[in-house]
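S.K.:
Protein chains: 2
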Amino acid sequence: MSGKFDLITTDGKARRGRIHTAHGIVNTPAFMPVGTAGTVKAMLPESVKATGAEIVLGNTYHLMLRPGAERVASFGGLHKFMNWPGPILTDSGGFQAMSLSDLRKINENGCEFRSHIDGSKHMLTPERSIEIQDLLDSNITMVLDECTAFPATPDEAASSMRRSMRWAERCRKAFRDRDGYLLFGIVQGGIYPHLREESAKALIDIGFDGYAIGGLAIGEGQQQMFSVLDYTPDFLPADRPRYLMGVGKPSDLVGSVARGIDMFDCVMPTRSGRTGLAHTRYGDLNMRNARHATDDRPIDPLCTCPACTSYVRGYIHHLMKTKEILGAMLLTWHNLHYYQELMQGMRHAIEQGGLAAFTDDFHRQQALGDIPN
Amino acid sequence: MSGKFDLITTDGKARRGRIHTAHGIVNTPAFMPVGTAGTVKAMLPESVKATGAEIVLGNTYHLMLRPGAERVASFGGLHKFMNWPGPILTDSGGFQAMSLSDLRKINENGCEFRSHIDGSKHMLTPERSIEIQDLLDSNITMVLDECTAFPATPDEAASSMRRSMRWAERCRKAFRDRDGYLLFGIVQGGIYPHLREESAKALIDIGFDGYAIGGLAIGEGQQQMFSVLDYTPDFLPADRPRYLMGVGKPSDLVGSVARGIDMFDCVMPTRSGRTGLAHTRYGDLNMRNARHATDDRPIDPLCTCPACTSYVRGYIHHLMKTKEILGAMLLTWHNLHYYQELMQGMRHAIEQGGLAAFTDDFHRQQALGDIPN
């Protein structure tokens with residue numbers, strides 16, 4: 001498993017690294033746009049690449065239901081199917097099977113559920129999750145884990161985490177080890193340091209190519225999330241990438257990178273784009289707000305994305321009010337561009353030993369709320 | 001008004017020409033993608049251009065209601081607002097005001113209606129329609145006409161047509177003549193040759209830069225439409241472009257070009273793209289059909305659009321079934337590309353004196369229904 005991750009340099013707890021996959025290199029800290037059903041919504045894959053993204057995430061739950069993992073495999077895997085030649089990470093399907101589906105039953109063997117689309121019955125076990133991700137040709141496979149509810153008592157969190165560790169071991173056995181393909185374990189344990197430590201040790205004993213921190217971004221708030229991130233990365237080996245699942249808003253990314261996280265994914269920039277929210281260096285702007293209707297400035301005059309170089313706010317506002325697809329296309333592009341620029345800025349700052357100053361600047365600019373006059 | 005249209009060559013009744021506007025040249029026969037609310041739905045304007053389109057259409061009715069003509073003017077006109085630097089044709093707003101709006105009242109002065117969006121009251125007169133199109137900075141302005149119902153008796157068609165001719169004269173007076181800006185009259189008269197002739201003569205007396213044929217594609221069927229097109233172009237001057245409004249499907253375009261039409265617009269390729277229909281040289285394919293789910297061929301292996309060069313039918317089918325925006329984006333692009341390729345093929349055929357052979361090939365290929373095995 002060696003040689004799949006280079007730790008290039010550090011700045012405090014923050015890390016600048018590089019993940020090697022069969023489909024290319026991922027510079028970390030990295031943000032992964034979410035391509036749920038085999039498409040980063042409202043974006044051509046070449047546009048996703050143009051934002052600076054080097055890896056995208058696919059959702060096992062959605063793809064196993066539509067069009068089906070075997071179907072994707074028959075087309076040569078997810079890269080070919082969705083025309084994204086770069087690295088792909090897939091989740092295990094567990095989170096959505098346990099949250100989106102109907103009539104789910106979870107036991108030691110796995111999770112039985114009915115599709116939220118057509119009611120068909122499916123069984124997701126650790127072995128089947130790994131098999132599906134293999135059929136998808138995922139470069140970074142995630143172990144199936146049980147999503148611990150929040151809030152959970154220490155006993156609930158411990159019992160749930162320990163089942164996840166047993167599943168992690170089954171996933172490790174089921175995973176077909178190949179060059180350029182990585183398997184990540186997921187640290188659980190809720191907000192309890194001793195459980196997070198126990199979980200990390202269990203995973204390290206099994207041995208993974210990378211370690212995710214799960215069970216966050218599910219309602220505990222940024223402060224409590226950062227508390228967990230203040231100690232959990234310390235339980236993890238320095239020579240493996242660390243992935244904070246499902247996070248987050250721009251300030252989440254900045255605070256988490258400073259705490260030693262290398263990878264992120266979140267639907268926020270794409271989902272916000274479709275609903276009219278622009279993430280900018282000056283904070284979030286709701287483009288549906290009437291004050292933008294007559295504004296002849298770009299969303300962000302310093303941004304080099306197509307939305308900002310070719311369109312005024314009044315036009316973006318018009319597109320959102322008229323529910324035009326182009327509005328979703330342009331705002332999604334802008335948001336992904338901003339997220340990637342933010343990650344690029346942090347990577348550069350870490351290389352220069354200047355992440356603290358970068359973080360200060362980030363918060364100062366965000367506090368402005370809009371372009372300064 | 002001379003020098004705005006060059007008739008380069010003819011092939012039978014078919015014509016190969018060039019329209020000169022302040023924002024560029026339009027080679028005819030031309031198909032104009034419809035950009036109703038200031039966007040060709042699901043397309044970036046540079047992608048519209050990449051399909052080969054040289055001119056797009058904007059809808060006065062939609063733009064006068066949202067964001068408002070004065071608002072568009074404050075942003076420097078429609079070209080700047082929507083980031084389409086090429087020529088733009090706008091309709092008069094009459095057709096939608098009379099068909100989409102609520103509580104319309106039509107009298108000699110114009111059309112009073114309530115917005116279908118917010119119920120606000122508006123008055124569209126010949127003078128106001130011209131003023132709005134001027135505010136939009138439209139390169140090709142259409143006169144306001146009354147949409148004659150189909151079917152209509154000779155008396156109804158005559159009375160409606162004559163009102164349209166009086167409105168055409170008011171439009172001509174209201175139009176601000178400038179280099180590179182054209183005003184088109186619209187021939188009405190339903191399916192009655194003597195009324196079409198009377199209408200054409202009335203418009204020629206007033207004098208326009210181009211002549212549209214209106215009141216077709218409203219339910220009369222292709223055969224009856226072609227009947228009208230068998231004689232109506234003969235009433236029009238050879239040195240002015242002829243525009244068949246709201247038409248049509250591929251076979252409509254081919255049959256109409258052979259009858260002397262130079263310009264077309266239709267929502268079909270863009271609307272079809274959003275609902276899953278692909279127009280191809282081999283006929284129309286419903287990409288939602290289950291037979292495409294496992295198909296690893298492109299929609300059309302000879303097509304050079306992004307949908308056909310980078311994606312299999314199984315993926316397009318998947319995108320349509322999952323209602324992903326990318327499905328609308330790719331199919332719209334394909335359809336516009338096919339329409340432009342068809343126009344390009346007809347322009348080339350006319351130059352070579354081979355439109356009859358082109359038309360035969362077109363019908364032979366369309367009859368195949370799909371890629372030949």
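Listed in order, the protein sequences are those of chains G and D. What the first sequence shows, in UniProt numbering, is residues 1 to 373, in sequence order. What the second sequence shows, in UniProt numbering, is residues 1 to 373, in sequence order. Here a beta-carbon is modelled for each residue, glycine too, at the ideal position from N, C-alpha and C. Remember, predicted model here, so these are calculated numbers, not experimental data.
1. Quick check: the Cα distance between residue 416/G and E54/G, rounded to an integer number of angstroms?
2. By the criterion of Cβ-Cβ separation under 8 Å, what are the contact partners of M82/G in chain D?
3. Straight-line CA distance for A158/D to Y339/D?
4. Mind listing the chain D neighbours of T39/G? Cutoff is C-beta to C-beta under 7 Å, in chain order.
5. Would you call Q352/G buried or exposed, if buried means 16 or more other Cβ atoms sit within 10 Å of its Cβ?
6. Between S120/D and chain G, is the shortest Cβ-Cβ distance under 8 Å, so that the two count as touching?
7. Anything in chain G within Cβ reach of V34/D, meaning under 7 Å, just list it in chain order.
8. So R18/G packs on T9/G, CB below 8 Å; how close in whole Å?
9. Interface residues of chain D around A42/G at Cβ under 8 Å?
10. Helix or strand or just coil, what does DSSP make of M1/D?
11. For the putative contact between R240/D and F5/D, defined by C-beta atoms under 8 Å, what is the C-beta separation to the nearest angstrom?
12. Give the DSSP bridge partners of F113/G, in chain order.
13. For chain G, is any of its Cβ atoms less than 8 Å away from the one on V56/D?
14. Kindly identify the DSSP beta-bridge partner or partners of Y243/D.
15. Between the Cα of L135/G and those of T60/G, T125/G, F184/G and A200/G, spot the shortest distance and give me the residue it belongs to.
16. Tell me the DSSP secondary structure of A42/G in three-state form.
17. Where does E198/G land, buried or exposed, given buried means 16+ other C-beta within 10 angstroms?
18. Would you tell me roughly how many angstroms separate the C-alpha atoms of N373/G and W333/G, rounded to the nearest one?
19. Is the distance from the Cβ of V72/G to the Cβ of L78/G below 8 Å?
20. What number of angstroms, rounded off, separates the C-alpha of M1/D from the C-alpha of Y211/D?
21. So, are the CB atoms of I57/D and G35/D less than 8 Å apart?
22. Which whole runs of the beta strand (DSSP E) in the stretch 267-313 of chain G are 3 residues long or more, in chain order?
23. Tell me the DSSP secondary structure of K323/D in three-state form.
24. For the stretch 218-227 of chain D against the stretch 199-208 of chain D, do three or more pairs of beta-carbon atoms, one drawn from each stretch, fall closer than 8 Å, so that the two count as touching?
25. Out of N286/G, G76/G and D262/G, which one is the CA nearest neighbour of P269/G?
26. How long is the line joining the alpha carbons of G354/D and D11/D, rounded to whole angstroms?
27. What are the residues that DSSP puts in a beta bridge with G17/G?
28. Quick one: list the residues of chain D neighbouring Y282/G, beta-carbon separation under 9 Å, in chain order.
29. In chain order, what residues of the same chain have a beta carbon less than 6 Å from the beta carbon of N83/D, not counting five sequence neighbours either side?
30. Counting only beta-carbon atoms, is I371/D nearer than 8 Å to chain G?
31. For V267/D, return the contacting residues in chain G, with the cut-off set at a CB-CB distance below 8 Å.
32. If you scan the stretch 115-196 of chain D from start to end, which runs of the alpha helix (DSSP H) of 4 or more residues do you find wholly inside it?
33. Would you please verify whether the beta carbon of R66/D is less than 8 Å from any beta carbon of chain G?
34. Which residues does DSSP pair with V56/D in a beta bridge?
35. Does I204/D come out as helix, strand or coil in the three-state DSSP assignment?
36. Any chance the stretch 253-270 of chain G sits against the stretch 294-302 of chain G, with 3 or more Cβ pairs inside 8 Å?
M.R.: According to the structure data:
1. Examination of residue 416/G is not possible in this model, given that chain G is present from 1 through 373 alone.
2. What M82/G touches in chain D: Y315.
3. If you take the alpha carbons of A158/D and Y339/D, they lie about 35 Å apart.
4. Among the residues of chain D, those whose CB is under 7 Å from the CB of T39/G are L319, E324 and L326, following chain order.
5. Q352/G should be labelled exposed.
6. Contacts with chain G at 8 Å (Cβ-Cβ) do not include S120/D.
7. Those within 7 Å of V34/D in chain G number zero; the least Cβ separation is about 13 Å.
8. At roughly 11 Å, the Cβ-Cβ gap does not stay under 8 Å, so R18/G and T9/G are not in contact.
9. Here the neighbours are I325, L326 and M329.
10. Confidence at M1/D is low in this model, with a pLDDT of 42, below 50, so the placement of that residue should be treated as unreliable; the coordinate-derived value is given next. Coil.
11. About 6 Å separates the two Cβ atoms, so the contact holds.
12. In the DSSP assignment, the residues bridged to F113/G are H122/G.
13. Output row for V56/D: interface = no.
14. DSSP lists A212/D and M263/D as partners of Y243/D.
15. Nearest to L135/G by alpha-carbon distance, out of T60/G, T125/G, F184/G and A200/G, is T60/G.
16. DSSP, read as helix, strand or coil, puts A42/G in coil.
17. With 16 or more other Cβ atoms within 10 Å, it is buried.
18. So the two alpha carbons sit approximately 25 Å from each other.
19. Between V72/G and L78/G, the CB-CB gap stays under 8 Å.
20. For M1/D, the predicted structure reports a pLDDT of 42, less than 50, and the residue's modelled location is therefore unreliable. A value from the coordinates is still provided. In this structure, the CA atom of M1/D is about 13 Å from the CA atom of Y211/D.
21. Note that residue 57/D is Leu in the sequence shown, not Ile. Yes, Cβ-Cβ distance for L57/D and G35/D is below 8 Å.
22. Segments of the beta strand (DSSP E) lying fully in the stretch 267-313 of chain G: 277-280 and 283-286.
23. Three-state DSSP puts K323/D in coil, outside helix and strand.
24. Judged by Cβ distances under 8 Å, the stretch 218-227 of chain D makes no contact with the stretch 199-208 of chain D, as fewer than three pairs qualify.
25. The candidate whose alpha carbon is nearest that of P269/G is N286/G.
26. Looking at the two C-alpha atoms, the distance is approximately 7 Å.
27. G17/G pairs with L7/G and T28/G.
28. None at all; the shortest Cβ gap to chain D is about 22 Å.
29. In the same chain as N83/D, and ignoring 5 residues on each side of it, the C-beta atoms closer than 6 Å to its own belong to P45, in chain order.
30. Cβ-Cβ to chain G under 8 Å: no for I371/D.
31. Per Cβ cutoff of 8 Å: no residues; V267/D is ~14 Å from chain G at best.
32. Given a length threshold of 4 residues, each whole run of the alpha helix (DSSP H) inside the stretch 115-196 of chain D is given here in chain order: 126-136 and 154-174.
33. Closer than 8 Å to some Cβ of chain G, the Cβ of R66/D qualifies, so yes.
34. Its beta-bridge partners are I88/D.
35. Helix at I204/D.
36. Short answer: they don't touch.
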